[in-house]
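S.K.: Just passing along the structure, written as structure tokens.
Protein chains in written order, with my numbering: chain A, 76 to 578; chain B, 293 to 520.
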């Protein structure tokens, strides 16, 4: 990793050594100068330069090139022990000798750095492979953090913190134990939002430089890896840390998908459980209710009972019917709140649905007069008829419950652009002032304790169903009573059937 | 209901059986009971009941199995008692050949009224099928005549066809698909808005209060029932 720096750092020694080698070459060849041809002596000097280049690198080799040429000139080329040259052709010799020496030193240097680079890369990929295989076994975010931190400590003498995005866009430190620094948290949050590597920063920790690397997963950013490198350690290659960050990002993403898969498995199981519980409750509660209601009804209609006992039978019937409606509402609410409301939309007529609600409520509306004002040209709407029947049943039942016997319950509708507004009026005391916006909330009732039965589910069910249809429901107090208004989308109906009048 | 009427009651809840039996015996009917599909089929073959009251959720199988088997050899009415919420189950029962259904809890009076309507239709002779009277309306299907309070009511061809299908099946729940196929043809079984419009026309022309009909009744999510 720091191989590139070595020749420069070991400089002075190497230069001295290079000069020494040149001197040695002079001392060794000087006695032989009459025996060996000058051309071969030149080759010996070139050999020395090559050796220096291989051992100490380019700088010393360049120095050695010049020193060799100078020594050759001084000690061997006539006139000896002088830098002057008798024969001008030796100038060419010096030039070639210098050029060859320099080329050797450059080439050997290039080879050296390539070899060092290859060695460095091999070391790096071995390291990354080690980290990758460690991370592939990690089952939790905490394990990922530990493995990464151990790896960086061992290999780079660095300290690591892992920040992972939780709910929302907020990152949170994994294994946050001793040093949770607010600055670090803020910096990590910034990098998470920004997506760019930051650092090295000197001011996050006293004795270390800090790098913040975004963890980019395949689908989205997963968090931030914070690396603190001690002041005494060398700064690693940016590429290495980026690779580490990529490995950590993959591992974090894998954990995320494992969690998603587990959650959806759990969800499926709980939906199945909930549905079977609902079905069981539905059956087990309704069977005794059916018997209760039926027996009370038989008693109430038989003519053999004295009046007061007949009254009791009627009350029994009315109460068991209410209980039945409450069970219906509870089951409806459980279903509606259990997730997706599946609408079975069809072209439906509001008056028809209201008539069916009135029919199903039966005796519950017997004490009230109904006034239905439907315009003759009322359009059909795209509705789930069963669910909307529940809405009108609840609203009518409510209107009857909260208004005096003998009073009038009114229904009407009007078009407003691409919407239809349906209103239900009663002549009761109205909704409690100040609570109008909340009457459709779950378990909200007019007053905390009243003599009027019901658990406040009805209106909440109405809102859920109406909103599932893309509409909204509002409560008002109008002169002489209360009003509920339902606004529903009113799309263009397909062409009605065409028929000639001839018959 | 002059002759003794035989009813087969198929229901696995003992208390509900007791309740229904008491109500029907008071009407002078003879009631036989079964609490399983297999037993019900055996009983039906042995006694050829005039009407079957059937709970869909039986311990040894689906009530639909009974309906299919029974319909192979008998056209007597089947009234389904249903505690199930699924409209799909009700439609499936009607498609298999059930005539009507009654949700739990039900009033004894309602049960008796439904049974009377079903028995009346089943007992009609062919000749009787052409003329009907309800409220202040008289209909002669053979002569294409509809008279209300002495005045002839003009119906379009489609309106008349729809009225004829509903009257011929009085007391029986007719699913949307069934009505659409009978009146408009198989290619229109999904066009349920046709039905909403035309049932609306019939109510306007023949009901005393079209907003609160008493003859052309809606079975929400399932279809229509004509009640005399």
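Note that the Cβ used here is the ideal one computed from N, Cα and C, for glycine as well.
With three or more C-beta pairs closer than 8 Å as the rule, is the stretch 554-566 of chain A touching the stretch 486-496 of chain A?
M.R.: At 8 Å Cβ cutoff, the stretches touch.
S.K.: Interface residues of chain B around residue 373(A) at Cβ under 8 Å?
M.R.: By Cβ distance, chain B contributes 311, 314, 315 and 400.
S.K.: Any idea which residues DSSP pairs residue 247(A) with across the strands?
M.R.: Paired residue(s): 239(A).
S.K.: Using the three-state DSSP reduction, which class does residue 525(A) fall into: helix, strand or coil?
M.R.: Note on residue 525(A): pLDDT 49, under 50, position unreliable in the model; the coordinate value appears next. Residue state, collapsed to three classes: coil.
S.K.: Between residue 117(A) and residue 172(A), which are expected to be in contact by the criterion C-beta below 8 Å, what is the C-beta distance as a whole number of angstroms?
M.R.: Their Cβ separation, rounded to whole angstroms, is 6 Å, which keeps residue 117(A) and residue 172(A) in contact under 8 Å.
S.K.: Cβ atoms of residue 329(B) and residue 272(B): under 8 Å apart, would you say?
M.R.: Chain B is shown only over 293 to 520; residue 272(B) falls outside these bounds and no answer can be derived.
S.K.: What residues in the stretch 478-499 of chain B bring their beta carbon closer than 7 Å to a beta carbon of chain A?
M.R.: Within the stretch 478-499 of chain B, the residues whose Cβ lies closer than 7 Å to some Cβ of chain A are 484, 485, 486, 488, 489 and 492, listed in chain order.
S.K.: Let me check one thing: in DSSP terms, what residues is residue 206(A) bridge-paired to?
M.R.: The partner list for residue 206(A) (beta bridge, DSSP) is empty, contrary to what the question assumes.
S.K.: Assuming residue 480(B) and residue 472(B) form a contact by the criterion Cβ under 8 Å, report the distance between their Cβ atoms to the nearest whole angstrom.
M.R.: Right, their Cβ atoms sit about 5 Å apart.
S.K.: State the Cα-Cα distance for the pair residue 431(B) and residue 449(A), rounded to the nearest angstrom.
M.R.: C-alpha separation (whole angstroms): 28 Å.
S.K.: With 8 Å as the C-beta to C-beta threshold (strictly closer), list the residues of the stretch 380-401 of chain B near chain A in chain order.
M.R.: Listed by position along the chain: 396, 397, 398, 399, 400 and 401.
S.K.: Taking buried to mean at least 16 other C-beta atoms within 10 Å of its own C-beta, is residue 164(A) buried or exposed?
M.R.: By the neighbour-count rule (16 or more Cβ atoms within 10 Å), residue 164(A) is not buried but exposed.
S.K.: At the level of alpha carbons, what is the spacing between residue 323(A) and residue 213(A)?
M.R.: So the two alpha carbons sit approximately 10 Å from each other.
S.K.: At 4 residues or longer, and completely inside the stretch 367-424 of chain B: list those alpha helix (DSSP H) runs for me, N to C.
M.R.: Correct list: 379-388 and 400-415.
S.K.: Give the straight-line distance between the Cα atoms of residue 513(B) and residue 467(B), rounded to the nearest whole angstrom.
M.R.: So the alpha carbons of these two residues sit roughly 9 Å apart.
S.K.: Can you have a look at residue 196(A) and say buried or exposed, based on whether 16 or more other CB atoms are within 10 angstroms of its CB?
M.R.: Exposed, since its Cβ has fewer than 16 Cβ neighbours within 10 Å.
S.K.: Return the Cβ separation of residue 134(A) and residue 90(A) in integer angstroms, given the expectation that the two are a contact with Cβ distance under 8 Å.
M.R.: 7 Å between Cβ atoms; contact.
S.K.: Going by C-alpha to C-alpha distance, which of 518(B), 386(B), 397(B) and 379(B) sits closest to residue 311(B)?
M.R.: Selected option, being the one with the closest Cα: 397(B).
S.K.: Could you please give me the residues that DSSP links to residue 289(A) through a beta bridge?
M.R.: Residue 289(A) pairs with 299(A).
S.K.: Please compile the residues from chain B whose C-beta is within a distance smaller than 9 Å of the C-beta of residue 428(A).
M.R.: Going along chain B in sequence order, the residues near residue 428(A) (Cβ under 9 Å) are 510 and 512.
S.K.: If you draw a straight line from the alpha carbon of residue 140(A) to that of residue 129(A), how long is it in whole angstroms?
M.R.: C-alpha separation (whole angstroms): 13 Å.
S.K.: Any Cβ of chain B within less than 8 Å of the Cβ of residue 464(A)?
M.R.: Yes, its Cβ sits closer than 8 Å to a Cβ of chain B.
S.K.: Pick out whichever of 208(A), 409(A) and 202(A) has its Cα sitting closest to the Cα of residue 231(A).
M.R.: Checking every option, the nearest Cα to that of residue 231(A) belongs to 202(A).
S.K.: Skipping 5 residues on each side, what residues in its chain have a beta carbon closer than 7 Å to that of residue 493(B)?
M.R.: Same-chain partners within the cutoff: 451.
S.K.: DSSP state of residue 443(A), grouped into three classes?
M.R.: Three-state DSSP puts residue 443(A) in coil, outside helix and strand.
S.K.: Consult DSSP for residue 422(A) and reduce its assignment to one of helix, strand or coil.
M.R.: DSSP places residue 422(A) in strand when its eight states are reduced to three.
S.K.: Give the range of the beta strand (DSSP E) segment to which residue 470(B) is assigned.
M.R.: That residue, residue 470(B), is in no beta strand (DSSP E); its alpha helix (DSSP H) goes 468-475.
S.K.: Please list, in chain order, all residues of the same chain as residue 445(B) whose beta carbon is under 6 Å from its beta carbon, the five residues on each side excluded.
M.R.: Once the five neighbours on either side are set aside, the close Cβ partners of residue 445(B) are 438 and 497.
S.K.: Confirm, please, whether the CB-CB distance from residue 124(A) to residue 176(A) is below 8 Å.
M.R.: In this structure, residue 124(A) lies closer than 8 Å to residue 176(A) by Cβ.
S.K.: Quick one: measure Cβ to Cβ for residue 216(A) and residue 319(A), integer angstroms, because I've assumed they're closer than 8 Å.
M.R.: Not confirmed; about 16 Å, so no contact.
S.K.: Would you report the Cα separation of residue 307(B) and residue 342(B), rounded to the nearest angstrom?
M.R.: Taking the straight line joining both Cα atoms gives about 23 Å.
S.K.: Mind checking whether residue 326(B) and residue 300(B) have CB atoms under 8 Å apart?
M.R.: Result yes, Cβ atoms of residue 326(B) and residue 300(B) sit closer than 8 Å.
S.K.: What residues in the stretch 440-454 of chain B have a beta carbon less than 9 Å from any beta carbon of chain A?
M.R.: Here the close residues are 446, 447, 448, 449, 450, 451 and 452.
S.K.: Please report the residue range of the beta strand (DSSP E) in which residue 487(A) lies.
M.R.: Taken as a continuous stretch (DSSP letters only), the beta strand (DSSP E) holding residue 487(A) covers 483-491.
S.K.: Per the contact definition of three or more C-beta pairs closer than 8 Å, is the stretch 502-511 of chain B in contact with the stretch 465-474 of chain A?
M.R.: They do not touch, by the three-pair rule.
S.K.: Have a look at residue 583(A) and residue 504(A) and give me their C-alpha separation to the nearest angstrom.
M.R.: Residue numbering for chain A in the displayed model covers 76 to 578; residue 583(A) lies beyond these limits and cannot be assessed.
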